[in-house]
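Visitor: Before I ask anything, let me first share the structure, which is written out below as structure tokens.
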Amino acid sequence: MRIQLMTDGSADLSKQMEEELQVKVVPLYLNFGEKQYRTGIDLDIPAFNQMMRAAEELPRSAAPNPNDFYNAYKEVDPETPIIMLSLTKGVSSTYENAEAGKEMLLQEEPERKIEVINTKTASSGLILLLHEAAKKMDEGFSYEQLVQHLHIKVEQTTTLFVLKTIDNLIKGGRLDRMKGTIAKTLNIKLLMKASEEEGVIEVSEKVRGDKKSIRRFIEQIGEYTRNFEDKLIAMTHCNAEERAKKVLEDVKKKYPFKDTILTEMGPLISTYAGEGGLVIAFFKD
748 MRIQLMTDGS
758 ADLSKQMEEE
768 LQVKVVPLYL
778 NFGEKQYRTG
788 IDLDIPAFNQ
798 MMRAAEELPR
808 SAAPNPNDFY
818 NAYKEVDPET
828 PIIMLSLTKG
838 VSSTYENAEA
848 GKEMLLQEEP
858 ERKIEVINTK
868 TASSGLILLL
878 HEAAKKMDEG
888 FSYEQLVQHL
898 HIKVEQTTTL
908 FVLKTIDNLI
918 KGGRLDRMKG
928 TIAKTLNIKL
938 LMKASEEEGV
948 IEVSEKVRGD
958 KKSIRRFIEQ
968 IGEYTRNFED
978 KLIAMTHCNA
988 EERAKKVLED
998 VKKKYPFKDT
1008 ILTEMGPLIS
1018 TYAGEGGLVI
1028 AFFKD
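Mapping of the sequence shown onto this note's numbering: position 132 corresponds to residue 879, and the numbering continues sequentially without gaps.
Structure follows, in structure tokens:
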């Protein structure tokens, strides 16, 4: 049975991945001043990077509204069950709006099968879960089996961030300006993670110097898993492909992951990660 996988614009899927995994993506919104853009539709990554360099203030992000999800669900054949993998509820109203859109459609078409999953992750974490879903579909999982399996895998998903710059966190008001200035003066780099319970993005460690922060970023992987041979690790980067390739090579030298994925962050996650930021995701033991 065909199952329609869906996600939102925080998933940072390349167009090739969208096609290969046959994922339907509901875009998020970014507002630069008075102008609103839909991620991946009105605003691609090169244009976003150019606008960010010129912007004095960070763009404001907004979740897709319930009607956006209703319309996206409505476009899917009524006989095809849907699994919507949503950006973590800990940082956005995307999950609640995806649920509201589902309820709107179920009032009209109560026979529909739609499961909305709060993934407690973003970016490469969503890529990881979508690849897992596609793999299990190929193995013949039923809709009910896949839903149950993905809820389990959400709890095993580890998402780690390392930021090269904290400028965007300061600009966006997520880091006190005075503390941020001191951190920059001391060359402090932030290691962050998605919390296990709520999927809130929180600072896990502060490390002095870029090389040390990358070293610690890689070390952390071994604190979550000892079994790598059958696992995938996914990484996204903010306008820093060579940096990301080098870090991923170092990861592979230290840990024998079965497969790796590397792609560029989309506008939403890049807004907060800042240039040079990296996000990795893998399943812990």
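Note that CB positions come from ideal geometry on N, CA and C, so glycine has one too.
Quickly, what does DSSP pair Phe1029 with across the bridge? List them, please.
Guide: Thr905.
Visitor: If I measure Cβ to Cβ from Leu893 and keep anything under 7 Å in the same chain, skipping five residues before and after, which residues do I get?
Guide: Ile750, Ile830, Ala880, Lys883 and Met884, listed in sequence order.
Visitor: Please list, in chain order, all residues of the same chain as Ser840 whose beta carbon is under 6 Å from its beta carbon, the five residues on each side excluded.
Guide: Correct list, in chain order: Ala810.
Visitor: For the alpha helix (DSSP H) that Phe779 lies in, which residues bound it at each end?
Guide: Element bounds for Phe779: not the alpha helix (DSSP H) but the beta strand (DSSP E), Tyr776 to Phe779.
Visitor: Nearest to Val823 by CA position, among Lys860, Ala987 and Leu877, is which residue?
Guide: Nearest C-alpha to Val823: Lys860.
Visitor: In three-state DSSP terms, what is Glu989?
Guide: DSSP places Glu989 in helix when its eight states are reduced to three.
Visitor: Would you check if the segment 764-776 and the segment 867-879 touch, i.e. whether three or more CB-CB distances between them fall below 8 Å?
Guide: Touching, per the Cβ criterion.
Visitor: Does DSSP classify Leu1015 as helix, strand or coil?
Guide: Note: Leu1015 maps to helix in three-state DSSP.
Visitor: Using only the heavy atoms of the ligand GDP, determine whether one of them is closer than 8 Å to the beta carbon of Asp1032.
Guide: The model on display carries no ligand, and the ligand GDP is accordingly not part of it.
Visitor: Whole angstroms is fine: what's the gap from Asp1034's alpha carbon to Pro825's?
Guide: Absent from the structure is residue 1034, since the part of the chain shown begins at 748 and ends at 1032.
Visitor: Would you mind reading off the limits of the alpha helix (DSSP H) that contains Ile841?
Guide: Rather than Ile, the amino acid found at residue 841 in this sequence is Thr. Its alpha helix (DSSP H) spans residues Thr841 to Glu855.
Visitor: Taking Ala881 as part of the alpha helix (DSSP H), name the residues at either end of that continuous run.
Guide: Counting along the chain, the alpha helix (DSSP H) containing Ala881 begins and ends at Ser871 to Asp885.
Visitor: Per DSSP, what kind of secondary structure is Val954 in: helix, strand or coil?
Guide: Note: Val954 maps to strand in three-state DSSP.
Visitor: Could you check whether Thr866 and Thr835 sit closer than 9 Å to each other, using their CB atoms as the reference points?
Guide: Yes, these two residues count as a Cβ contact at 9 Å.
Visitor: So is Asp1006 buried or exposed if we call it buried at 16+ other beta carbons inside 10 Å?
Guide: Burial call: exposed.
Visitor: Buried or exposed, going by whether 16 or more other CB atoms sit within 10 Å of the CB of Gly848?
Guide: Classification of Gly848: buried, given that the 10 Å Cβ count is 16 or more.
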